[in-house]
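Asks:
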């Protein structure tokens with residue numbers, strides 16, 4: 001009988017849990033170091049008070065006996081609710097003064113527009129001999145605010161904005177059912193412009209708002225017991241005017257907002273998507289490999305955008321422009337190299353890494369030169385985060401006598417601050433790595449995508465954005481689906497048989 005010591009011992013295979021451990025450690029660290037947040041920041045409180053006072057003044061009816069202070073209290077509470085909602089769900093908007101200023105401007109603009117149109121329609125209704133204060137208020141275009149918010153910000157912010165606005169309208173008009181009418185119109189406006197991709201969508205949104213207003217105005221008249229032909233007729237007329245006014249104001253305001261606040265709207269994104277844009281034409285001619293890479297990155301980012309709550313159109317445009325910095329020195333990037341000899345063979349690793357890293361800075365400069373939107377510039381600057389240029393760092397470790405500083409081979413950052421920037425980073429890395437697969441089977445593609453996403457996560461590149469593990473899982477599925485379609489197998493077609501000569 002052989003000695004037990006001579007028998008080879010099988011070591012138990014333990015699964016790699018480094019991915020999970022890293023997440024738990026990061027979570028504990030963030031929880032231990034997290035300071036208790038205040039309900040309202042001290043430096044922001046005076047601003048909220050002034051904004052509430054201004055809104056109360058705009059909504060106050062000086063002919064009635066109601067107090068201005070009462071309106072101020074209610075409006076202050078509503079604005080605090082709006083602030084807390086943004087702080088909880090959309091904190092990125094509060095980090096930029098420009099975005100805060102734009103939200104405040106839209107709120108004030110909506111209320112001023114409402115007062116102007118209220119005066120116009122009240123004079124108009126008196127001229128028509130329409131009695132009662134309710135009928136002409138159906139024409140006030142409150143939905144202009146949420147319509148602009150959904151075009152510039154997002155749907156969640158537009159819904160909260162609609163709720164705040166409709167409750168404010170109740171303070172001003174003092175009719176219990178008007179806030180319901182206003183909220184329905186605002187809601188339809190936000191929904192109808194959620195997927196706005198062309199100018200005709202704004203016209204269609206006005207029609208949808210008008211139709212919803214007609215139905216809700218008739219419902220209000222029924223509840224109030226004022227269901228007569230003149231009331232229904234004039235309420236329908238004012239409801240239609242309401243919807244058309246919202247569309248007209250959108251057309252007038254969007255170019256002004258884009259110019260003064262340098263923000264992105266679906267209409268400007270459509271223009272950037274045009275392959276005849278000067279930067280796109282330059283990229284396709286001078287760096288064709290990068291151009292093709294950017295197109296595929298755009299497909300990956302667009303496919304995964306909806307599952308993580310990112311605007312698909314914005315994700316596609318950001319992907320198209322994320323590598324425009326490579327236009328400056330295209331021959332130093334592998335996708336644009338046509339010969340067998342690389343430009344980097346005659347350079348030391350540190351200089352090569354500096355050239356690779358410089359495409360981010362060059363991209364930001366080109367974006368500023370061509371007046372690209374701020375959000376596109378942010379993606380260009382953040383799409384590599386502080387990642388390590390691994391190839392040249394490893395090369396330096398082998399060739400240099402003194403160990404190189406890892407920091408010298410890292411991108412300057414910052415790390416992705418938004419889901420959009422993180423999504424483009426992941427799509428960029430996955431597409432580039434997929435080119436190294438010799439036999440891109442679905443299983444190998446899945447393994448590669450999983451490896452790339454894990455490496456980026458463990459490197460801490462996603463620490464400063466709001467992306468979650470569930471988001472990463474959904475992104476992985478979408479990437480695998482798109483790449484499997486790109487690298488699908490084709491059958492070999494047989495040569496056509498020729499008739500034998502008899």
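Numbering (the UniProt record's numbering), first residue to last: 1 to 502. Cβ atoms here follow ideal geometry from the backbone N, Cα and C, with glycine treated the same way.
#1: Go through its chain and collect everything with a Cβ distance to residue 253's Cβ below 8 Å, but skip five positions before and after it.
#2: Put residue 45 into one of helix, strand or coil per three-state DSSP.
#3: Please state whether the Cβ-Cβ distance between residue 487 and residue 445 is less than 8 Å.
#4: Given residue 86, which residues of its chain have a CB within under 6 Å of its CB, disregarding the five upstream and five downstream residues?
#5: Buried or exposed: where does residue 485 fall if 16 or more other Cβ atoms within 10 Å of its Cβ makes it buried?
#6: If you pair each beta-carbon of the region 260 to 274 with each one of the region 222 to 234, do three or more pairs fall below 8 Å?
#7: I'd like to know whether the C-beta atoms of residue 142 and residue 245 end up nearer to each other than 8 Å.
#8: Output yes or no for whether 8 Å exceeds the beta carbon distance between residue 213 and residue 243.
#9: Using 8 Å as the cut-off, can you tell me whether the region 285 to 303 makes contact with the region 392 to 399, which would need three or more C-beta pairs spanning the two stretches below that distance?
#10: Please report the straight-line C-alpha distance between residue 161 and residue 103, rounded to a whole angstrom.
#11: Just verifying my parser: in three-state terms, what is the DSSP assignment at residue 78?
#12: DSSP three-state call for residue 283: helix, strand or coil?
#13: Measuring alpha carbon to alpha carbon, tell me which of 182, 196 and 232 ends up nearest residue 209.
#14: Determine the burial state of residue 443: buried for a count of at least 16 other Cβ atoms within 10 Å of its Cβ, exposed for fewer.
#15: Helix, strand or coil for residue 388, going by three-state DSSP, please let me know.
#16: Which word fits residue 400, buried or exposed, when buried means at least 16 other C-beta atoms lie within 10 angstroms of its C-beta?
#17: Going by DSSP in three states, residue 328 sits in which element: helix, strand or coil?
#18: Return helix, strand or coil for residue 486, following the three-state DSSP convention.
#19: At which residue ranges does the region 244 to 286 contain complete alpha helix (DSSP H) runs of 4 or more residues, listed in the order of the chain?
#20: Does the region 415 to 429 come within contact of the region 377 to 390, defined as at least 3 CB pairs closer than 8 Å?
#21: Given residue 115, which residues of its chain have a CB within under 7 Å of its CB, disregarding the five upstream and five downstream residues?
Replies: Concretely, from the data shown:
#1: 109, 144 and 148.
#2: Look at residue 45 here: in three-state DSSP terms it is helix.
#3: Result yes, Cβ atoms of residue 487 and residue 445 sit closer than 8 Å.
#4: Closer than 6 Å at Cβ, skipping near neighbours: 93 and 94.
#5: Here residue 485 is exposed, its C-beta having fewer than 16 other C-beta atoms within 10 Å.
#6: Result no; under three Cβ-Cβ pairs closer than 8 Å.
#7: When the beta-carbon positions are compared, residue 142 and residue 245 stay at least 8 Å from each other.
#8: Closer than 8 Å, so yes.
#9: Contact fails: fewer than three Cβ-Cβ distances are below 8 Å.
#10: Spanning the alpha carbons of residue 161 and residue 103 requires a straight line of approximately 9 Å.
#11: Three-state result, residue 78: helix.
#12: Note: residue 283 maps to helix in three-state DSSP.
#13: Of 182, 196 and 232, the smallest CA-CA separation from residue 209 is found for 182.
#14: Counting C-beta atoms within 10 angstroms of its own C-beta, residue 443 has fewer than 16 neighbours from the protein chains shown and is therefore classed as exposed.
#15: Strand, per DSSP.
#16: By the neighbour-count rule (16 or more Cβ atoms within 10 Å), residue 400 is not buried but exposed.
#17: Here residue 328 sits in coil by DSSP.
#18: Reduced to three states, the DSSP call for residue 486 is helix.
#19: With a minimum length of 4 residues, the unbroken runs of alpha helix (DSSP H) contained wholly in the region 244 to 286 fall at 266 to 272 and 278 to 286.
#20: As far as the Cβ criterion goes, the region 415 to 429 touches the region 377 to 390, which means the pair count is three or higher.
#21: So the qualifying residues of the chain are 58.
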